Amino acid sequence: MLQIMKFTALSLLLFLLPVHAEIYRWVDESGNVVFSDEPQPGAETVDLPPATTYTPAEDEAVTDDILKLSPDDDEQATQETQAPDYQIRIVAPGNDESIWVNNGDVTVSMIVEPALDTERGDKVLLHLDGEPVAEPRASTTFQLNNLSRGTHNLNAMVVDSNGMTLTSTGSVTFHLHRASIQNNPGLTPPGPTGGKPTPNNN
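Just so you know, numbering that gives the first Met the number 0 puts 96 at position 97 of the sequence shown, and the rest follows in order with no gaps.
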C-alpha cells in the first residue's frame with residue numbers, strides 16, 4: 000500500500016512540474032522516500048522519461064471544426080441560400096390595353112414583392128412575344144422601343160444568378176396603334192406620352 004502511495008505521489012509530482020525541472024529523491028529520517036524539485040544533501044537525480052505530445056490528424060481536426068458549428072450557423076447558411084418567396088406582376092401596360100404612340104416606344108413596369116435580393120444575384124427577365132428583350136437586370140422597369148403595330152404579349156420572371164426561374168407572371172396582352180398622318184392628314188398625332196390621335200379641326 001505504501002509503495003502505491005509513493006508511486007501516486009511521484010506521478011502527481013511529475014505531472015504538475017514543468018517538463019524541464021529536475022526531480023530529486025532522498026530518504027528522510029523516518030526512512031520514507033521523498034521526491035522534490037529542490038535538491039537536498041545526499042539526494043540523487045531522478046531520470047525522467049521524455050514528455051510525449053499528441054498532434055491530431057488532419058481528418059480529426061476537420062471533424063473538430065465541424066463539431067464546433069452551432070445550430071445557429073447551420074440556420075444562417077440555410078437562410079443565405081434559400082430564395083425569397085417572390086411575387087411578380089406587370090402593372091403597365093394593363094392587360095388588353097390599347098396604346099396609341101407613333102414612335103412605338105412602350106414602358107413596361109412591374110412590381111416584385113419582396114424586393115429583389117441583389118446580394119443573391121436575383122434579377123428580372125422580360126419576354127416580348129416569347130423572346131427575351133434584354134439580359135436579366137435588377138430593375139422592374141423596361142423600355143421597349145419602336146414596336147410594330149398590332150397585338151403583343153408580355154410576361155416576366157424573376158431568375159437567380161444561375162438563370163433558374165423563381166417565379167413568373169401570367170401573360171399580359173396589349174395592342175399598339177401607330178397613327179399614320181400621311182394616310183390621314185385630318186389627325187393630329189399623340190404627344191410624347193402617348194394617347195389616342197385626335198381629329199385636326201384646322
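Yeah, the Cβ is synthetic: ideal placement off N, Cα and C, and Gly gets one too. It should be emphasised that the depicted structure is a prediction, and the values quoted were computed from it without experimental measurement.
Buried or exposed (CB count within 10 angstroms, at least 16 for buried), Met156: Buried: at least 16 other Cβ atoms inside 10 Å.
Exposed unless 16 or more other CB atoms sit within 10 angstroms - verdict on Gly22: It is Ile, not Gly, that sits at residue 22 in the sequence shown. It is buried - the Cβ of Ile22 has at least 16 other Cβ atoms within 10 Å.
Of the listed residues Ala91, Ile87, Asp159, Glu43, nearest to Pro135 (C-alpha basis): The residue among Ala91, Ile87, Asp159, Glu43 with its C-alpha nearest the C-alpha of Pro135 is Asp159.
Per-residue DSSP class, three states only, for Glu43: Taken through DSSP and simplified to helix, strand or coil, Glu43 comes out as strand.
Among Ser108, Pro38, Gly103, the one whose alpha carbon lies nearest that of Gly93: Minimum Cα distance to Gly93 is reached at Ser108.
Exposure of Val90, with buried meaning 16 or more beta-carbon neighbours within 10 Å: With fewer than 16 other Cβ atoms from the protein chains shown falling within 10 Å of its own Cβ, Val90 counts as exposed.
Residues of its chain near Asn145, where Cβ-Cβ distance is below 6 Å and the 5 sequence neighbours each way are ignored: Contacts found: Gly103.
Collapsed DSSP secondary structure at Glu134 in the structure displayed: In the structure shown, the three-state DSSP call for Glu134 is coil.
From Arg148, Thr139, Ser167, residue whose alpha carbon lies closest to that of His174: Among Arg148, Thr139, Ser167, the Cα nearest to that of His174 is on Arg148.
Thr139 - partner residues in DSSP beta bridges: In DSSP, Thr139 forms no bridge with anything.
Length of the line joining the Cα atoms of Ala137 and Leu127: Approximately 18 Å, taken between the alpha carbons.
Rounded C-alpha distance that separates Ala82 from Leu115: So the alpha carbons of these two residues sit roughly 10 Å apart.
Burial state of Thr172, where buried means 16 or more other Cβ atoms lie within 10 Å: The residue is exposed, with fewer than 16 neighbouring Cβ atoms inside 10 Å.
Beta-carbon spacing of Asn152, Ser167 below 7 Å: With contacts defined as CB atoms closer than 7 Å, Asn152 and Ser167 fail to qualify as a contacting pair.
Identity of the residues DSSP links to Val111 by a beta bridge: Beta-bridge analysis with DSSP links Val111 to Ile87.
Exposure label - Asp95; buried when at least 16 CB within 10 Å: Label assigned to Asp95: exposed.
Backbone CA spacing between Thr77 and Arg88 [nearest angstrom]: Because Thr77 sits at a pLDDT of 46, beneath the cut-off of 50, its placement in the model cannot be relied upon, and the following sentence gives the value as read from the coordinates. Looking at the two C-alpha atoms, the distance is approximately 27 Å.
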